[in-house]
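**Student:**
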Amino acid sequence: MKDLGTVNDGKSVDVDGNAGTYEYLSLSLDYQFMHDAEEGYNLLGYIGYGGRSAYLDTTYDDKLNHKGELAKIGLRYDQDIEASDNSVFATLEYRHYWDTDDINPANDEGTSFDIINVKGAWMWQTSSSFSPVVELIYSTDLDGYNAVSVAPEFVYTVNSTLDIKLTTPIGITNDADKYGVRLGLTTHF
């Protein structure tokens, strides 16, 4: 990321804080179109809204305002592999950000931009309460921003309505977050 609008104009800057640069606290509503019992796989769509929950710090003691809002829409697919105790997952997501300040991946003065996320994951031991997962994540603005990460994960299934997920994304390309830790809580009803 480049830091624009300070005495460090154009210099590369490391960003640190709660959540990734493009990860806002958000709320999503899902609807499942296809069910495993009838189709052999699950397919659902979702919409969501999010906003900044905290500032991000930089290597130049400059606080990125990290302001803005986002709307997202996406599809999720998952299927159990019957010959083994494994599952595959895929997500395609479109995000629109607006009223942002200095996080536009095009490094221009625009305060709104779009990002597309594509994710694929493999989960082992799906019948166990603890399941290891590996996920590959690709994000792009279809211009110059291309972030690729690999994310080892552990999912703990508390019960049929609650999962806890611990993820450690590791950036492969320069545009990706270098590393991180994410803790997620998912409820099903």
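Here the sequence shown stands for residues 6 to 194, numbered as in our numbering. Backbone N, C-alpha and C fix where the C-beta goes; we use that ideal spot for every residue, glycine too.
Which same chain residues, not among the five before or five after THR178, have their C-beta less than 7 Å away from its C-beta?
**Tutor:** For the purposes of this step, residue 178 is taken as residue 173 along the sequence shown, with counting starting at 1. Result list for THR178: ASN151, ALA152, VAL153, in chain order.
**Student:** Which residues mark the beginning and the end of the beta strand (DSSP E) in which ALA156 is found?
**Tutor:** Numbered from 1 along the sequence shown, position 151 holds the residue referred to as residue 156. Start and end: 151 to 164.
**Student:** Can you give me the Cβ contacts of ARG187 inside the same chain, cut-off strictly under 6 Å, excluding the 5 residues immediately before and after it?
**Tutor:** The residue you call residue 187 lines up with position 182 of the sequence shown. So the list reads THR172, once near-sequence residues are dropped.
**Student:** Could you round the C-beta distance between PRO110 and ASP146 to whole angstroms and report it? I think they count as a contact, below 8 Å.
**Tutor:** As a first step, residue 110 is located in the sequence shown; it is residue number 105 there, counting from the start. As a first step, residue 146 is located in the sequence shown; it is residue number 141 there, counting from the start. At roughly 5 Å, the Cβ-Cβ gap stays under 8 Å, so PRO110 and ASP146 are in contact.
**Student:** Compute the Euclidean distance between the alpha carbons of HIS193 and SER133, then round it to the nearest angstrom.
**Tutor:** Mapped onto the sequence shown, residue 193 falls at position 188. Mapped onto the sequence shown, residue 133 falls at position 128. Roughly 18 Å separates the two Cα atoms.
**Student:** Indicate whether ILE175 and VAL155 have their beta-carbon atoms separated by less than 7 Å.
**Tutor:** For the purposes of this step, residue 175 is taken as residue 170 along the sequence shown, with counting starting at 1. For the purposes of this step, residue 155 is taken as residue 150 along the sequence shown, with counting starting at 1. Their beta carbons are under 7 Å apart, which means ILE175 touches VAL155 by this criterion.
**Student:** TRP129 to ASP90, Cα distance in whole Å?
**Tutor:** If you number the sequence shown from 1, residue 129 lands on position 124. If you number the sequence shown from 1, residue 90 lands on position 85. Distance between the alpha carbons of TRP129 and ASP90: 6 Å.
**Student:** DSSP three-state call for ALA95: helix, strand or coil?
**Tutor:** Indexing the sequence shown from 1 puts residue 95 at position 90. In the structure shown, ALA95 sits in a strand (DSSP, three-state: E or B).
**Student:** Quick test of the definition: if touching needs 3 or more C-beta pairs under 8 Å, does the stretch 31 to 46 touch the stretch 70 to 90?
**Tutor:** The stretch 31 to 46 vs the stretch 70 to 90: in contact.
**Student:** Just tell me which of TYR143, ASP19, THR26, LEU34 has its CA closest to the CA of ILE121.
**Tutor:** Counting from 1 along the sequence shown, the entry for residue 121 is found at position 116. Nearest option by C-alpha distance: TYR143.
**Student:** Look at the Cβ atom of VAL160, then the Cβ atom of TRP127, and state whether they are nearer than 7 Å.
**Tutor:** Numbered from 1 along the sequence shown, position 155 holds the residue referred to as residue 160. Numbered from 1 along the sequence shown, position 122 holds the residue referred to as residue 127. Contact: no.
**Student:** On the CB-based measure, 16 or more other CB atoms within 10 Å of its CB, does PHE118 come out buried or exposed?
**Tutor:** Residue 118 sits at position 113 when you count from the first residue of the sequence shown. Classification for PHE118: buried.
**Student:** Around the Cβ of ALA59, are there at least 16 other Cβ atoms within 10 angstroms (buried) or fewer (exposed)?
**Tutor:** Here residue 59 refers to the residue found at position 54 of the sequence shown. So ALA59 ends up on the exposed side.
**Student:** How many Å lie between MET6 and ALA181 at the Cα?
**Tutor:** Reading the sequence shown from its first residue, position 1 is the one you call residue 6. Reading the sequence shown from its first residue, position 176 is the one you call residue 181. Because the pLDDT at MET6 is just 45, under 50, the model does not fix this residue reliably, and the value given afterwards should be weighed accordingly. If you take the alpha carbons of MET6 and ALA181, they lie about 10 Å apart.
**Student:** Considering ASP85, what are the terminal residues of the beta strand (DSSP E) in which it resides?
**Tutor:** Locating residue 85 in the sequence shown gives position 80, where the first residue counts as 1. 74 to 86 is the extent of the beta strand (DSSP E) around ASP85.
**Student:** Does DSSP classify ALA205 as helix, strand or coil?
**Tutor:** Absent from the structure is residue 205, since the part of the chain shown begins at 6 and ends at 194.
**Student:** Taking the C-alpha atoms as reference points, what is the distance between GLY10 and GLY115?
**Tutor:** In the sequence shown, residue 10 corresponds to position 5, counting from 1. In the sequence shown, residue 115 corresponds to position 110, counting from 1. Annotation note: pLDDT 48 at GLY10 (below 50); position unreliable, no value reported.
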